[in-house]
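Take 503 as the starting number for the sequence shown in this note's numbering and just add one per residue.
Glycine residues also receive a C-beta, built at the ideal position from the N, C-alpha and C atoms.
As the structure is a prediction and not an experimental result, all values here were calculated from the model.
Scroll down for the structure; my scribbles are underneath it.
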Amino acid sequence: MKIQTSRFGSLDVSDNTILTFPAGLVGFPACRRYVVLDPPEDADYQWFQSVDEPSLAFVIMDVSLLQPDFRTNLSEEGLTELEIIPTDSVSIMAVVTIPSDRPEQATANLRAPLFVNLRTRQGKQLILHESIPLRYPLFQ
Numbered sequence: 503m504k505i506q507t508s509r510f511g512s513l514d515v516s517d518n519t520i521l522t523f524p525a526g527l528v529g530f531p532a533c534r535r536y537v538v539l540d541p542p543e544d545a546d547y548q549w550f551q552s553v554d555e556p557s558l559a560f561v562i563m564d565v566s567l568l569q570p571d572f573r574t575n576l577s578e579e580g581l582t583e584l585e586i587i588p589t590d591s592v593s594i595m596a597v598v599t600i601p602s603d604r605p606e607q608a609t610a611n612l613r614a615p616l617f618v619n620l621r622t623r624q625g626k627q628l629i630l631h632e633s634i635p636l637r638y639p640l641f642q
């Protein structure tokens, strides 16, 4: 499938790489399909590109790279629709904000991570407890 993006131009993506977020993301409920794009260089981040909206893309990072001891209960009520079974691999990603004028002040949103069941390719953004950092500094 060919998708148009404002950042990366026209891209060919395989249907089996599309992640579906039935409820969309916070602030973007109508954008439900995304692909994860790796940057050309070896980096700890990836791009989370909307298939539905060419101009919508986020920088994301694996939460375990930021907080290796990050834990959440995958049986939380908010995740039941992901149909997670014990043998499933679940990816937990944080959306990163990088101020254009101060990239050294980049932060990751650990309070509202993206959960993806890699077997079903279904995902959900879940708002966690307020004690979890909303703006976790990447550079300390």
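6 Å CB neighbourhood of residue i in its chain, flanking five on each side removed
{"i": "Gln548", "result": "Val538, Asp540 and Ile562"}
{"i": "Leu558", "result": "Cys533 and Ser552"}
Backbone CA spacing between residue i and residue j [nearest angstrom]
{"i": "Ala545", "j": "Thr609", "result": "16 Å"}
{"i": "Asp517", "j": "Met503", "result": "6 Å"}
{"i": "Thr582", "j": "Gln624", "result": "11 Å"}
{"i": "Leu584", "j": "Ile629", "result": "15 Å"}
{"i": "His631", "j": "Leu640", "result": "20 Å"}
{"i": "Val592", "j": "Pro570", "result": "15 Å"}
{"i": "Thr507", "j": "Phe572", "result": "32 Å"}
{"i": "Ile634", "j": "Gln642", "result": "17 Å"}
{"i": "Ser602", "j": "Thr622", "result": "35 Å"}
Anticipated Cβ contact below 8 Å, residue i with residue j, distance rounded
{"i": "Val597", "j": "Phe560", "result": "5 Å"}
{"i": "Ile586", "j": "Val553", "result": "About 23 Å separates the two Cβ atoms, so there is no contact after all."}
{"i": "Leu636", "j": "Arg604", "result": "Their Cβ separation, rounded to whole angstroms, is 18 Å, which puts Leu636 and Arg604 out of contact at 8 Å."}
{"i": "Arg534", "j": "Phe523", "result": "5 Å"}
{"i": "Leu521", "j": "Val618", "result": "6 Å"}
{"i": "Val565", "j": "Ile594", "result": "5 Å"}
{"i": "Ala532", "j": "Lys626", "result": "That pair is no contact at about 16 Å."}
{"i": "Tyr638", "j": "Leu568", "result": "6 Å"}
7 Å Cβ shell around residue i - same chain, five flanking residues per side excluded
{"i": "Thr519", "result": "Val537"}
{"i": "Thr574", "result": "Leu630"}
{"i": "Phe530", "result": "Leu558"}
Neighbour-count burial assignment, residue i, 16 or more Cβ in a 10 Å radius
{"i": "Pro646", "result": "Residue 646 cannot be examined here, being either before or after the span of the chain that is shown, 503 to 642."}
{"i": "Gln551", "result": "buried"}
{"i": "Thr589", "result": "exposed"}
{"i": "Leu620", "result": "exposed"}
{"i": "Gln607", "result": "exposed"}
Cβ neighbours of residue i in the same chain (closer than 8 Å, five flanking residues each side left out)
{"i": "Pro556", "result": "Ile505, Gln506, Thr507 and Ser508"}
Interface flag, residue i vs chain B, CB-CB below 8 Å
{"i": "Thr574", "result": "In the displayed structure, chain B is absent; only one protein chain is listed."}
Run through the region 518–596 for me and flag every whole alpha helix (DSSP H) of 4 or more residues, listed as ranges in chain order.
-> 565–568
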